[in-house]
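Only one structure is covered here, and it is reproduced in the block below.
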């Protein structure tokens, strides 16, 4: 079975080639079939590989497949090779599974779009790149996938490129990502310089001998890698592209900007956990950036009215949670939250897409309300996802979020302040998510009559993926229940061989199991559940029962409200501090240096030669007798010189 | 016995007449004839020296020059006819398209 590992990413590539090369020649059903089947087969293959991996003993769960050497220069060798271990197995299941559902959903959502084939070929290309990213066995090949998903993100955000805002958003995403990529590249160079290899297994095995724990080199390398992750995973200060990425089609937001691509940074850090364990300072930076982003994005989410933007800031915030987990060395918890988040956030986005579909492309929640009876399936599934993301006990988000909160408190890299940040964010998350639910599905119907006439539930191809994801959002958490409940944490066991860099996790659980901290863990858990439930009821009170409270609050705190609505003016600040200086500098280089200086020198030389030629050409009269006269005069001069010289 | 200086004086005169003719004539036919005159001036010099120094090489070269001159005249006249057909003139000052 494992010799077919390379097919997991190759199948979507084949789908991309078929749909992309035969663009406009295939009928819509054929395009849908090719696109969905390629990803679906890839998912089935991933499942088979997962079960094969599961059949192996825990410490032998590694399948490597090297296809061929890619670069071989001196001592620098890079292979095109795939590495399947428990971590990448989880990732390919999430990517191909959620990806498949979103492909199916897209066949319904994009049904009327004239560029159907282009859309699906991009989507397949994205799936290919993402699978390469998670299956690559070295940093450089991972970087290929990393850039590939960035490219597809750009293409799909700007999918409706005839809209100025969409093409701008695509460029913004690409450029901001490139800023992060420079960090990734330099970090990669540093690793190669010191270790002499980019293969994950070699790097992880030799890193503890090569690097001094806590030394400047490893800290710098880890921070640089983290800068790459910050760009890709939309953390402060490079998160600005993600909310704008909502210009793309909604299934794209679900797949790329919620479930898979943006989690690449988390995956990369979890993959490099051995390196990060050697650099506690870098870990602290990761934790702080993650925690601050989680809180910061959640506050912006409170005041947004565009349904997709709320979800976008929520994604930024949840990614912050994942980094918080990685930063306190709870890599397993980070990956666990990545997985559950992929389920419920994809579901939320697809649900939002279904709402937008029903609302004739209206995205403003101020003009929704009372949709519950028109789109019952969407309502039910979105409610489940909201319960999951809020961390209501029993839903998947509860287990993963609680794990992160507990680790940020108890881990030796954790700190009570980090826990407080995560705790407050959990409350805010529950509040703004239920605000979304109440504004959209409950209360007075605020849409106009024309829109109301067209309100109906989405087609089967869209609702079935919603239901599947809803089921996953509920049960997805049970694979990683805390030890507290007296059951085995399968997820942690599964990932344990990969997380060699975090041995203290086992120790902390031994301690927890012994009853040392169990009391504290229960107290913290109850506190966060209480906060979340309080936030839910507050949202219900403010947005469903007494809408005037929200208005009054807005009038009472106009400054704060304006600050939140305008997203802390960060886009404006960046524009003034970064974009405008760069643009003005470029204009200076263009108008002064290039046009005046460089063009001036070249054109000036040309003008000088032209003038000289103009002067000389007057001698060329074209008259034979003139030439003959000059000729004879010349001869006479030479003769005179010979005779008298 | 005619001596070398006499030959050379005649040759210089011939060459001078030819050169001046080339410079001042506008008729292309006359111009050709003047060129022939200059060639023959050179031939005369060659023959004079060949005879005085008793070396036959000069004679040989003269025959060569005569042959080449005949060929050159043939080609030249063909060109003149072609040009005349196009421009309907043999005034050399009107053949001034080969400039710039």
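Residue numbers (this note's numbering), protein chains in the order written: chain A, 1 to 645; chain B, 646 to 745.
Every residue gets a Cβ at the ideal spot worked out from N, C-alpha and C, and that includes glycine.
All values reported here derive from a predicted model rather than from experimental measurement.
Proximity winner among the options, relative to residue i (alpha-carbon distances)
i	options	result
residue 84 of chain A	A:48, A:581 and A:116	A:48
residue 156 of chain A	A:558, A:22, A:124 and A:317	A:124
residue 356 of chain A	A:128, A:447, A:272 and A:577	A:447
residue 652 of chain B	B:671, B:696, B:675 and B:670	B:696
residue 358 of chain A	A:375, A:194 and A:386	A:375
residue 291 of chain A	A:415, A:187, A:309 and A:179	A:415
residue 450 of chain A	A:368, A:529 and A:485	A:368
residue 684 of chain B	B:701, B:726, B:740 and B:713	B:713
residue 389 of chain A	A:433, A:65, A:371 and A:164	A:433
residue 40 of chain A	A:11, A:60, A:51 and A:59	A:11
residue 185 of chain A	A:143, A:383, A:171 and A:127	A:143
residue 305 of chain A	A:74, A:439 and A:115	A:439
residue 180 of chain A	A:159, A:226, A:213 and A:215	A:226
residue 206 of chain A	A:275, A:140 and A:521	A:275
residue 453 of chain A	A:445, A:460 and A:459	A:445
residue 266 of chain A	A:350, A:335, A:582 and A:57	A:335
Beta-carbon separation (whole angstroms), residue i vs residue j, contact threshold 8 angstroms
i	j	result
residue 293 of chain A	residue 428 of chain A	Wrong, their Cβ atoms sit about 13 angstroms apart, outside the cutoff.
residue 173 of chain A	residue 129 of chain A	Incorrect: roughly 15 angstroms between the Cβ atoms, too far for contact.
residue 283 of chain A	residue 413 of chain A	5 angstroms
residue 82 of chain A	residue 6 of chain A	6 angstroms
residue 353 of chain A	residue 109 of chain A	6 angstroms
residue 319 of chain A	residue 235 of chain A	7 angstroms
residue 89 of chain A	residue 50 of chain A	5 angstroms
residue 402 of chain A	residue 391 of chain A	7 angstroms
Chain A contact for residue i (CB, 7 angstroms cutoff)
i	result
residue 667 of chain B	yes
residue 651 of chain B	no
residue 702 of chain B	no
residue 688 of chain B	no
residue 735 of chain B	no
residue 741 of chain B	yes
residue 664 of chain B	yes
Cβ-Cβ distance between residue i and residue j below 7 angstroms
i	j	result
residue 238 of chain A	residue 176 of chain A	yes
residue 340 of chain A	residue 396 of chain A	yes
residue 312 of chain A	residue 224 of chain A	no
residue 46 of chain A	residue 96 of chain A	yes
residue 14 of chain A	residue 42 of chain A	no
residue 264 of chain A	residue 218 of chain A	no
residue 677 of chain B	residue 721 of chain B	yes
residue 196 of chain A	residue 343 of chain A	no
residue 348 of chain A	residue 385 of chain A	yes
residue 381 of chain A	residue 466 of chain A	yes
residue 148 of chain A	residue 136 of chain A	no
residue 117 of chain A	residue 23 of chain A	yes
residue 498 of chain A	residue 86 of chain A	yes
residue 430 of chain A	residue 536 of chain A	yes
residue 198 of chain A	residue 273 of chain A	no
residue 67 of chain A	residue 61 of chain A	no
residue 322 of chain A	residue 302 of chain A	no
residue 258 of chain A	residue 345 of chain A	yes
residue 419 of chain A	residue 408 of chain A	yes
residue 693 of chain B	residue 649 of chain B	yes
residue 462 of chain A	residue 105 of chain A	yes
residue 247 of chain A	residue 166 of chain A	yes
residue 544 of chain A	residue 442 of chain A	yes
residue 32 of chain A	residue 127 of chain A	no
Minimum Cβ-Cβ distance from residue i to chain B less than 7 angstroms
i	result
residue 634 of chain A	no
residue 624 of chain A	yes
residue 629 of chain A	yes
| message | Suppose only complete runs of 3+ residues qualify. What are the beta strand (DSSP E) ranges in the region 453–501 of chain A, listed by chain order? | response | none
| said: Going residue by residue through the region 213–279 of chain A, where are the continuous alpha helix (DSSP H) segments of at least 4 residues, counting only ones entirely within it? | reply: 216–232, 241–244, 250–254, 264–271 and 273–277
| query | Quick one: complete alpha helix (DSSP H) runs, 4+ long, within the region 512–597 of chain A? | reply | Complete alpha helix (DSSP H) runs here, min 4: 518–540, 547–556, 558–565, 570–574 and 580–588.
| Curious, which full-length alpha helix (DSSP H) runs of at least 4 residues does the region 673–735 of chain B contain? | 673–698 and 702–732
| request: Just list the alpha helix (DSSP H) runs in the region 330–365 of chain A, keeping only unbroken ones of 4 residues or longer that don't cross its boundaries, in chain order. | output: 331–358
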